[in-house]
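Protein chains in written order, with the numbering used here: chain A, 6 to 155; chain B, 4 to 311; chain C, 5 to 153; chain D, 22 to 381.
What follows is one structure encoded as structure tokens, with my remarks underneath.
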Amino acid sequence: MKINNLDALRKSMADSLKVDCEVYRGIDGDQTLRIPSAELKRVVSFLVDQMDCRHLSTITAQQRVEDPDQIEVIYHFWHGISFSIMTMVSEELPRLPEIVSILPGADFYEREVAEMFGIEFVGREETPPLLLPDDWDQGPPFIRNEDHRE
Amino acid sequence: MIEAWFYLLFFPGLIFQVICGLIFEWLDRKLLARFQRRVGPPWYQPLADMVKLFSKEDLLPEGVNDLVATLLPIVSLSAILTAGLYIPIAGFSPYSFEGDLIVILFLLSVPTLAYYLAGVVSVGIYSTLGGGRSLLQFFSYEVPLLIALSGPAILSGSWSVKQIMVSQATLGPFILFQPLGFLLAIVGLIGKLKRDPLDIPKAKSEVVGGPLTEFTGAKLAFWHLGMNIQAVLGIFLLVNLYLGWSKGANPLLTIPVFIVECLVLVVLLSGASAIFARLRIDQLAGLGWRILVPLGLLQLGFVILMGV
Amino acid sequence: MFKELLRKTYQWAQKKSLWVIHFNTGGCNGCDIEILDLLTPRYDIERLGIVAEASPRHADVLLCTGPVSRQAKTGLWQIYSQMPSPKWVVAVGSCSCTGGVFKGSDTILGGIEKILPVDVFIPGCPCRPEAIINGLLKLQERISVNEDK
Amino acid sequence: MNKISIPIGPQHPLLKEPLSMQIDISGEKVLGGSLRLGYVHRGIERLAEQRTYVQNVHLIERICGICSHIHTTTFCHAVERLLEIDVPQRAYYIRAMMCELERVHSHLLWLGIIAKHVGLDTIFMHTWHDRELALDIMEELSGGRVSHATNQIGGVRFDLTDHQEAMIRTTITDLSLRVNNLLDVIKNEPALQARTRGVAKVSPEMIHQYCVVGPVARASGVDVDFRRDDPLPPYDQLDFNVITHNDGDAWARTVIRAEEARESLILCERILNEMPDGPVHVRAPRRVPEGEVVIRSEAPRGELFYYLRSDGSDKPARLKIRTPTLAALSLLPKQLSSIQVADIPVVMAGIDLCIACADR
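Okay, structure coming up:
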């Protein structure tokens, strides 16, 4: 079922999954829906099974300077139009449900976010390093106490 | 005695065959380059490669039996050189006797076994894999080759290469009677020399260097030299068995004709290596047994019927 | 006297027949394509006697591209140690000379010379095939000039 | 037969770039494989946050040597959309033409590589000799054979003179003749077909599962092309057809890339004809106002995804790049389970690996 615009998606998600999601910020050319991190797995399986939207472009993780102890994880989808699902995770306890069981294509992106931001994806058998060298000992490179944008 | 030394060391022996091997390698690489719109190496390139290899340090991974690793290339090279003594060159062959075709064929298959042993002795994964493949390939091309080469022997009623060559003077070149046999012999020769369409044991992108991955320096030089001389001898053998002519003609005529025939075969070989893609080992085995052997038997039957 | 003659012929042979092996230690593959371009009809280094080899055992010259990334460092050292001497190292491209545009990244060591003794540096990002051929010719001169390595 | 595992290590004649794989085989049959990336990881995204937007255009261009132009095009589009400046149409058309030329050169390069792995060195030599023509055009326009420094934020660095245009037209006609000739050779070359037909079949279901994009997906019948689905400016006014095959094996992947190269040449011709006049560059301020943007474009290997967030300074706050090879690489271990050792080169070449793209 094609997704023509985001509001229709938001309404169908709200009533069928009882998940409160509000438009986080309309990125230019891309709509973002914010959902609590616990609901991630249900929302993704809803998207993949009911809405038949299975193209996950990538998973972006980032930290905003204004709230440094929160890590923002964005799942970018493409189904005719571009939209993304976003959740917030705290830096002390970075845990997220894995979606590899639903979308095997997300395996590499989860491993990359896991090693770059130190986020632990609950439910994955093993999260081998994807890009960082074997002798990497300085922890997740994107999380540094001092601001690495000197 | 002096004459024996001369035969052994100079004319059909060591020096002549080494020079022919180097010339063949240069011709082959030059033709291949010209087929690919490239310029190709200068004339002294094979010589430079050989001398450079002798100047290189001789490394072997530990765990490799050093004695065997040095003996193998020498054994295969000497087997090839002795095979060269029996093949008549432009009608002249000092040591030919009845049944020397069988000796030549045996001596020319010794290097393939040495090649397999080289793969087993050097412990690396790629070498053992390459070695296994060379054995697999040995069975799929050797039988058609033997069938094809026994055709002329049956037609001329003798197993001596010189005799076969001479008998063609009366009956006419055997290629007219056995074009199919000639083709099978060419395919068998390409398989024996592991040249391009059938270079499965040493395919660059699959098994890196095949059994020769671990060899360096002088040992590698012997292997390359052996390969080239084996190619030259294969061509001489095919020319004698299929394009023979009467022995009596004066040497001024037979030598140029012999050279021209060899050059034609060289062009044929490098053309084949430029055009065809490398087959998989199972496809080669399939090709060998399902197509080449029946054709060879057919050809043999035809020859026997015609001969009697 | 014979030893001198032998050394001279060895040097002539090493100069005229350079067997090359190429290893990318983590750069963008711009220089690698230009190295592969050398084999193609327009540049054709086989006329200079240079052949691309598959196994480090058969090679004399190690053509490295890319700033040495920490993951590829052990691979680079392994290949260099497998090559029989006399052997030479040519750093192709600005990344392999000095780390190039990726300088400052925390996962690269920046430059081949931090790991291996380099004989010829070929700058350029990516360097043109003509520059690589020029670098290889300079390596040939260097072989015939200095004593046996 | 005992089970042994071949290490296709960082250095291997099969790989132009370092990638290490452990492939378990028994005899000649391949059982499975595991992959280790990270040899070419230079931390581009972290580097990009330490440099200004203008410096980043040069850094982004060096992510990958084969598809350098599409990276800078996508990055410049992202910044221009944040700046809300309207770039002259002529600049878009020049960018599109360079993208298409890069697709031709990348596909011809790949065709040579797969022919080389199958043992057909002659086709490798002829394909790469023809590819030099495409490089000549790009060199004539931008001065660089591989990385062309065509783009800058706000437009393009050079303009097309009439002499250059005439040269491009003649070279394109010459090149399309050769590409057609090459396509005929590939289509009825028995040995190449024997080695690639029916090898490593990929079903559309697997494509959807692993979110694979580009020629690998199109060869299995999944019709996805981001020049048409989410077009960047010049492509919405250009019409071109997207080629798809259905049987999804190494042979379909070979033919589809050859046909795409021919299609791109026709598109280049059309771009040249419809190119409007006007300036090629407009001044862009150094500081980018706060905002986030997601841009998708069609690289030679598939969908290239850029996410850029700026915080008002002259350096990007966050830059996320997802290259098409990363998606295709997750498919590689799954393809290895039903092939022979001799097919490994064909399968690995079939995915057109660009490790520099994948590792960033």
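We treat Cβ as the ideally placed atom computed from N, Cα and C, and that holds for glycine.
Could you check if D/Asn77 is buried or exposed, using at least 16 other CB atoms within 10 Å of its CB as the buried criterion?
-> buried
Members of the region 103-126 of chain C near chain A, C-beta cut-off 9 Å | Asp110 and Thr111
Could you list which residues in chain D have their beta carbon closer than 9 Å to that of C/Ser85, in chain order?
-> Those do not exist, as C/Ser85 stays about 12 Å from chain D at its closest Cβ, beyond 9 Å.
Along chain C, in chain order, which residues have C-beta atoms closer than 7 Å to that of A/Pro146?
-> Asp110
For A/Ile76, which residues of its own chain have a beta-carbon under 7 Å away from its beta-carbon, when the five flanking residues on both sides are left out?
-> Ala66, Gln68, Val94, Glu96, Pro99, Phe122 and Ile124
How is the alpha helix (DSSP H) around D/Met296 delimited, first residue to last?
-> Where D/Met296 is concerned, there is no enclosing alpha helix (DSSP H), given that its DSSP letter is neither H nor E.
Of the choices D/Asp380, D/Thr344, D/Asp373 and D/Val362, whose alpha-carbon is the least far from that of D/Lys50?
-> D/Val362
Residue environment, A/Met6, which counts as buried when at least 16 other CB atoms sit within 10 Å | For A/Met6, the pLDDT reaches just 48, beneath the cut-off of 50, and the residue's location in the model is therefore unreliable, leaving the point undetermined.
Nearest-angstrom Cα distance between B/Tyr89 and B/Ile26?
-> 21 Å
Just tell me which of B/Ala36, B/Ala51 and B/Tyr47 has its CA closest to the CA of C/Tyr47.
-> B/Ala36
Which whole-angstrom value describes the C-beta separation of C/Glu50 and C/Pro133, a residue pair presumed to lie in contact below a C-beta threshold of 8 Å?
-> Not confirmed; about 14 Å, so no contact.
Shortest alpha-carbon distance to D/Arg199 belongs to which of D/Arg283, D/Glu210, D/Arg278 and D/His266?
-> D/Arg283
Going by other Cβ atoms of all chains shown within 10 Å of its Cβ, with 16 needed for buried, is C/Ser148 buried or exposed?
-> exposed
Mind checking B/Gly154: buried by the 16 CB within 10 Å criterion, or exposed?
-> buried
Alpha carbon to alpha carbon, how far is D/Val301 from A/Glu155? Give it in angstroms, no decimals.
-> Since pLDDT at A/Glu155 reaches only 44, below the 50 mark, its modelled position is unreliable, and the value read off the structure follows with that caveat. Cα to Cα, A/Glu155 sits roughly 34 Å from D/Val301.
Counting Cβ pairs closer than 8 Å, one from the region 237-247 of chain B and one from the region 71-90 of chain C, do we hit at least three?
-> no
With a threshold of 16 other CB atoms inside 10 Å of the CB of D/Glu105, please say whether the residue is buried or exposed.
-> exposed
Tell me, to the nearest whole angstrom, how far the beta carbon of C/Gln18 is from that of B/Ser58; I am working on the premise that it is less than 8 Å.
-> 6 Å
Considering only residues of the same chain and omitting the five flanking positions on each side of B/Lys165, which have a CB-CB separation below 7 Å?
-> Pro91, Ser96 and Ser99
D/Ser224, buried or exposed, once every other Cβ within 10 Å from all chains shown has been counted against 16 = exposed
Assumed close pair D/Asn23, D/Ser55 - CB separation to whole angstroms, cut-off 8 Å = 19 Å between Cβ atoms; not a contact.
Using a threshold of 8 Å, state whether the C-beta atoms of D/Asp335 and D/Arg308 are closer than that.
-> yes
Tell me where the beta strand (DSSP E) around D/Val220 begins and ends.
-> It is not in any beta strand (DSSP E) - D/Val220 carries neither H nor E in the DSSP assignment.
Out of C/Ala76, C/Val105 and C/Leu66, point me to the one whose CA is closest to D/Glu38's CA.
-> C/Ala76
Over the uninterrupted alpha helix (DSSP H) stretch that includes D/Cys382, give me the two end residues.
-> Here chain D covers residues 22 to 381 and nothing more, so residue 382 of chain D does not appear.
Report, in whole angstroms, the separation of the C-beta atoms of C/Ser109 and C/Cys129, which I expect to be a contact under 8 Å.
-> Contact doesn't hold; Cβ gap of about 15 Å is too wide.
Between the beta-carbon of D/Leu122 and the beta-carbon of D/Asp151, is there less than 8 Å?
-> no
Proximity winner among C/Lys12, C/Gly70 and C/Trp92, relative to C/Cys131 (alpha-carbon distances) = C/Gly70
Expressed to the nearest angstrom, what Euclidean distance is found between the alpha-carbon atoms of B/Ile22 and B/Phe13?
-> 10 Å
Should B/Trp29 and B/Ile105 be called a contact, given that it needs their Cβ atoms to be closer than 8 Å?
-> no
Straight-line gap, A/Leu52 to A/Cys58 (C-alpha atoms, nearest Å) = 6 Å
Give a yes or no on whether the minimum CB-CB distance between D/His138 and chain B is below 8 Å.
-> yes
Contacts that D/Ala348 makes with chain A (C-beta to C-beta distance below 7 Å) = Gly110
Compare the beta carbon distance of C/Val122 and C/Val93 with 8 Å and say whether it is the shorter of the two.
-> yes
Does the Cβ of A/His153 have 16 or more other Cβ atoms within 10 Å, making it buried, or fewer, making it exposed?
-> Any answer about A/His153 is weak, because its pLDDT of 47 lies below 50 and its placement is not dependable; what the coordinates show is given next. A/His153 is exposed by the Cβ-count criterion.
How about D/Cys85: is its C-beta nearer than 8 Å to some C-beta of chain C?
-> yes
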